[in-house]
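See below:
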């Protein structure tokens, strides 16, 4: 047994004795989910738990939380956990399923809320790791930082923490780490990947303009419904005819909004478009191609006004640093054995990389398996998404400690 592995086992020595208590705290977070940028109760409880463990804690913005454990000379390792939930009604069948509702401050509507993406596991993994490092300072040296980040689901949280002077509040990390519970890995497995691991993404609202008329007199108008329809079909050629076969890209038109009555030709239509790519160059090409094709179809349709493009939900590429990922993977192999595995690229997107990119530090982001019976696994954001409590809860905490210790126990 290596010295590092021996230290890790000692740092994690309290997992069994605290399991029942941690499971109850997990259920609390699961039953009290909160929407993006509205995670006030979640942040308060995180601070309460950290302060009870005498861990230095700072509020960053309204709902971000920063925890810092300084333990002598050595590397500075930061670990991120996202803390927000989704406007989803949970149907997992768990006896601790969420029944929570919350008023969405952006829309004013009361909506059901659930941790349908596993962020409650992320919170608990980082809390447990912080407490384990704090209780076993004789086994490591350096600085361990916990970043509890709001609003991953809306791509606001990382930027909000930076705007609230996160950079000034924390020591400069040597590496930035993150993980996500997934349905694509068996329960208890930890998967890593060098290079692109999560796709970049952006959404765009396109408004095209026509000329209103009576449905019986289309020759007197310009029909934006027909225009929107031709745009939808034209956009399908971007990936099939403009993106190299070796690349991966997605262009999806998720919604069209136009008109009010069958015999009225309306004067505008709105399309909501989403993209994914594993290359910044491909993502830039998708943006250019969408605008080019939309403008061309508007010209062909005699649109009386230029189309409008409103971009939102921008997620950068998550592109794992090779050396940092190799370091984490070596530690996972030593500790988890065959349950450390390769992770295929995940087409979902994250704002995780925004903070380390801004700080100029390498990062590594890995996957955590959550379902023992893979035939019953459902994808993240599904109303039934609720990973198995164990061993997911323990393994999440172990993964954080094992990875961070690859730097801190040298």
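Numbering (our numbering), first residue to last: 11 to 420. For glycine and all other residues, C-beta sits at the position ideal for the given N, C-alpha and C.
Exercise. Taking residue 294 as the reference, which of 242, 325, 277 has the closest Cα?
Worked result: Position 284 of the chain shown, counted from the start, is the residue given in the question as residue 294. Cα-wise, what sits closest to residue 294 is 325.
Exercise. Between residue 265 and the rest of its own chain, which residues show a CB-CB distance below 6 angstroms, the 5 nearest in sequence each way excluded?
Worked result: Counted from its first residue, the chain shown places residue 265 at position 255. 282.
For this session: Starting from residue 89, trace the beta strand (DSSP E) both ways and give me its first and last residue.
Result: For this step, residue 89 is matched to residue 79 along the chain shown. 86-92 is the span of the beta strand (DSSP E), which, as asked, contains residue 89.
Exercise. Can the beta-carbon of residue 32 be found less than 8 angstroms from the beta-carbon of residue 134?
Worked result: Residue 32 sits at position 22 when you count from the first residue of the chain shown. Residue 134 sits at position 124 when you count from the first residue of the chain shown. Yes, these two residues count as a Cβ contact at 8 angstroms.
Problem set entry | Euclidean distance between Cα positions of residue 11 and residue 26 | Sequence index remark: in the chain shown, residue 11 carries index 1 (1-based). Sequence index remark: in the chain shown, residue 26 carries index 16 (1-based). Only weak support exists for where residue 11 lies, its pLDDT of 44 falling under 50; the coordinates are left without a value.
For this session: Kindly indicate which three-state DSSP category residue 125 falls into: helix, strand or coil?
Result: Stepping through the chain shown from its first residue, residue 125 is reached at position 115. Residue 125 falls in the coil class under three-state DSSP.
Exercise. Shortest alpha-carbon distance to residue 48 belongs to which of 408, 366, 93?
Worked result: Within the chain shown, the letter at position 38 stands for residue 48. Closest by alpha carbon: 93.
Exercise. Tell me the DSSP bridge mates of residue 69?
Worked result: Your numbering for residue 69 matches position 59 in the chain shown. DSSP output for residue 69 lists 75 as bridge partner(s).
For this session: Output yes or no for whether 8 angstroms exceeds the beta carbon distance between residue 60 and residue 88.
Result: Translated into positions along the chain shown, residue 60 becomes position 50. Translated into positions along the chain shown, residue 88 becomes position 78. Not in contact: residue 60 and residue 88 (Cβ atoms no closer than 8 angstroms).
Problem set entry | Contact between the stretch 186-205 and the stretch 251-264 (3+ Cβ pairs under 8 angstroms) | no
Problem set entry | Length-filtered (3 minimum) beta strand (DSSP E) runs lying within the stretch 216-272 | 259-268
Exercise. Is residue 149 closer than 8 angstroms to residue 419 when the C-beta atoms are compared?
Worked result: As a first step, residue 419 must be located in the chain shown, where it is residue number 409. As a first step, residue 149 must be located in the chain shown, where it is residue number 139. Contact: yes.
Problem set entry | Nearest residue (CA-CA) to residue 154, options 228, 407, 81 | To locate residue 154, count along the chain shown from 1; it is residue 144. With distances taken between Cα atoms, residue 154 lies closest to 81.
For this session: Inspect the CB distances between the stretch 316-335 and the stretch 214-225 and report whether three or more fall short of 8 angstroms.
Result: yes
Problem set entry | Length of the line joining the Cα atoms of residue 152 and residue 110 | Numbered from 1 along the chain shown, position 142 holds the residue referred to as residue 152. Numbered from 1 along the chain shown, position 100 holds the residue referred to as residue 110. Those two C-alpha atoms are separated by around 40 angstroms.
For this session: Report the three-state DSSP secondary structure of residue 289 (helix, strand or coil).
Result: Within the chain shown, numbered from 1, the residue matching residue 289 stands at position 279. Three-state result, residue 289: coil.
Exercise. How do the stretch 403-417 and the stretch 127-142 stand: do at least 3 beta-carbon pairs fall below 8 angstroms, yes or no?
Worked result: yes
For this session: Report back the beta-carbon spacing between residue 90 and residue 159 to the nearest angstrom; my notes put them in contact at under 8 angstroms.
Result: On the chain shown, position 80 is the one that residue 90 refers to. On the chain shown, position 149 is the one that residue 159 refers to. Indeed, because the Cβ distance is near 6 angstroms, the residues count as touching under 8 angstroms.
For this session: Would you tell me roughly how many angstroms separate the C-alpha atoms of residue 402 and residue 379, rounded to the nearest one?
Result: Counting from 1 along the chain shown, the entry for residue 402 is found at position 392. Counting from 1 along the chain shown, the entry for residue 379 is found at position 369. Computed Cα separation, rounded: 7 angstroms.
Exercise. By Cβ distance, which residues of its chain are closer than 6 angstroms to residue 387, with the 5 residues on each side in sequence left out?
Worked result: Here residue 387 corresponds to residue number 377 of the chain shown, with the count starting at 1. 193, 381, listed in sequence order.
For this session: Mind the definition here: the stretch 94-101 touches the stretch 348-368 only if three or more C-beta pairs lie below 8 angstroms; say whether that holds.
Result: no
Exercise. Near residue 343, which residues of its chain fall below 8 angstroms by C-beta distance, leaving aside the five closest residues on each side in sequence?
Worked result: Position 333 of the chain shown holds residue 343. Same-chain partners within the cutoff: 350.
Problem set entry | the stretch 227-241 contacting the stretch 201-213, beta-carbon criterion three pairs below 8 angstroms | no
Exercise. Buried or exposed: which applies to residue 397, given that a residue is buried once 16 or more other Cβ atoms fall within 10 Å of its Cβ?
Worked result: As a first step, residue 397 is located in the chain shown; it is residue number 387 there, counting from the start. So residue 397 counts as buried.
Problem set entry | Between the CA atoms of residue 65 and residue 144 - distance to the nearest angstrom | Locating residue 144 in the chain shown gives position 134, counting from the first residue. Locating residue 65 in the chain shown gives position 55, counting from the first residue. If you take the alpha carbons of residue 144 and residue 65, they lie about 7 angstroms apart.
For this session: For residue 50, count neighbouring Cβ atoms within 10 angstroms of its own Cβ and tell me buried if that reaches 16, exposed if not.
Result: Here residue 50 is taken as the residue at index 40 of the chain shown, counted from 1. Label assigned to residue 50: exposed.
For this session: Identify whether residue 369 lies in helix, strand or coil by the three-state DSSP scheme.
Result: Stepping through the chain shown from its first residue, residue 369 is reached at position 359. DSSP places residue 369 in helix when its eight states are reduced to three.
Exercise. For the ligand ATP, is there a heavy atom less than 7 angstroms away from the beta-carbon of residue 304?
Worked result: The ligand ATP is not part of this structure, which contains no ligands at all.
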